[in-house]
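Peer 1: Let me give you the structure first, and then I'll get to my questions.
Numbering (the working numbering), first residue to last: 194 to 416.
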């Protein structure tokens with residue numbers, strides 16, 4: 194174990210890559226320029242909705258958030274940022290990286306926490322010029338709210354038969370995604386930005402998983 198003394202205390206990035214492999218950055222309003230100039234694309238980002246269980250890489254813990262966040266996507270089955278190149282421990286957009294990445298110093302979180310407190314990007318921020326699409330997003334948020342789902346699962350645990358209400362929400366979530374793709378031509382890789390992650394994936398945070406039977410019927414399985 195290294196003993197930290199004034200002479201050995203870390204003062205600069207060692208390019209270990211830990212910050213890039215433990216989670217992607219959350220975007221702020223000031224990061225909009227990255228979308229405007231093409232550094233980032235809608236396919237590169239997704240929404241974490243209020244009430245969702247997320248990993249906090251600063252405190253190394255899972256928390257339920259009470260606000261909407263927009264993040265850069267992670268690689269499949271990983272917390273690693275999609276722009277991180279593990280071969281040479283580098284970032285593909287380093288020169289134009291988001292504000293959180295610029296501020297993050299693993300040896301001193303004060304600057305990062307200051308940036309984190311600044312106004313964050315939301316779907317409303319991005320869709321100001323598309324009120325019709327924002328209406329769809331808001332309707333989905335109302336019908337598929339995590340606060341509603343949380344209450345339903347509390348009732349299920351207490352023995353109440355409200356499983357079909359959960360299935361109705363899951364069905365709506367799936368249907369609206371297909372509608373946006375098939376009827377409005379929204380690319381599938383934009384869907385997790387507009388509507389957040391599919392509920393049949395995030396529902397695991399309640400201790401259940403969803404299995405789809407033949408004919409498209411849902412089954413809720415305790416895990």
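Positions of the beta carbon are idealized from the N, C-alpha and C atoms, including for glycine.
Comparing C-alpha positions only, which one of 362, 263, 301 and 400 sits nearest to residue 317?
Peer 2: 263
Peer 1: Can you tell me whether residue 410 is buried or exposed? The criterion is at least 16 other CB atoms within 10 Å of its CB, across all chains shown.
Peer 2: exposed
Peer 1: May I ask you to check if the CB of residue 384 is nearer than 6 Å to at least one heavy atom of the ligand MN?
Peer 2: Among the ligands in the structure shown, none appear at all, so the ligand MN cannot be discussed.
Peer 1: How is residue 275 classed by DSSP in three states: helix, strand or coil?
Peer 2: coil
Peer 1: Looking at C-alpha atoms only, which residue of 267, 245, 239 and 272 is the closest neighbour of residue 253?
Peer 2: 272
Peer 1: Starting from the Cα of residue 243, find the closest Cα among 379, 226 and 333 and give me that residue.
Peer 2: 333
Peer 1: Quick one: is residue 261 buried, meaning 16 or more other Cβ sit within 10 Å of its Cβ, or exposed?
Peer 2: buried
Peer 1: Kindly identify the DSSP beta-bridge partner or partners of residue 213.
Peer 2: Bridge partners of residue 213: none, in fact.
Peer 1: Which residue wins for smallest C-alpha separation from residue 295, given the options 327, 234, 205 and 259?
Peer 2: Out of 327, 234, 205 and 259, 205 has the C-alpha closest to the C-alpha of residue 295.
Peer 1: Give me, in chain order, the residues of the same chain whose beta-carbon lies closer than 7 Å to that of residue 400; leave out the 5 immediate sequence neighbours on both sides.
Peer 2: 415 and 416
Peer 1: Just verifying my parser: in three-state terms, what is the DSSP assignment at residue 302?
Peer 2: Three-state result, residue 302: coil.
Peer 1: I need the straight-line Cα distance from residue 343 to residue 403, nearest angstrom please.
Peer 2: 16 Å
Peer 1: If you run the structure through DSSP and keep just helix, strand and coil, what is residue 283?
Peer 2: strand
Peer 1: Just to confirm, is the Cβ distance from residue 274 to residue 209 under 7 Å?
Peer 2: no
Peer 1: Would residue 217 be called buried (16 or more neighbouring beta carbons within 10 Å of its own) or exposed?
Peer 2: buried
Peer 1: Among 406, 207, 386 and 251, which residue has its Cα nearest to the Cα of residue 326?
Peer 2: 386
Peer 1: What are the residues that DSSP puts in a beta bridge with residue 221?
Peer 2: 313
Peer 1: Going by CA-CA distance only, name the one from 225, 240 and 232 that's closest to residue 330.
Peer 2: 240
Peer 1: Distance check for residue 383 and residue 365, CA to CA, integer angstroms please.
Peer 2: 18 Å
Peer 1: Please give me, in chain order, every unbroken run of the alpha helix (DSSP H) with length at least 4 that falls completely inside the region 317-350.
Peer 2: 324-336 and 339-350
Peer 1: Have a look at residue 337 and residue 392 and give me their C-alpha separation to the nearest angstrom.
Peer 2: Straight-line Cα distance between these residues: approximately 8 Å.
Peer 1: Using a Cβ-Cβ cutoff of less than 7 Å, which residues in the same chain neighbour residue 405 once the five nearest sequence positions on both sides are dropped?
Peer 2: 411
Peer 1: Are the CB atoms of residue 310 and residue 221 nearer to each other than 7 Å?
Peer 2: no
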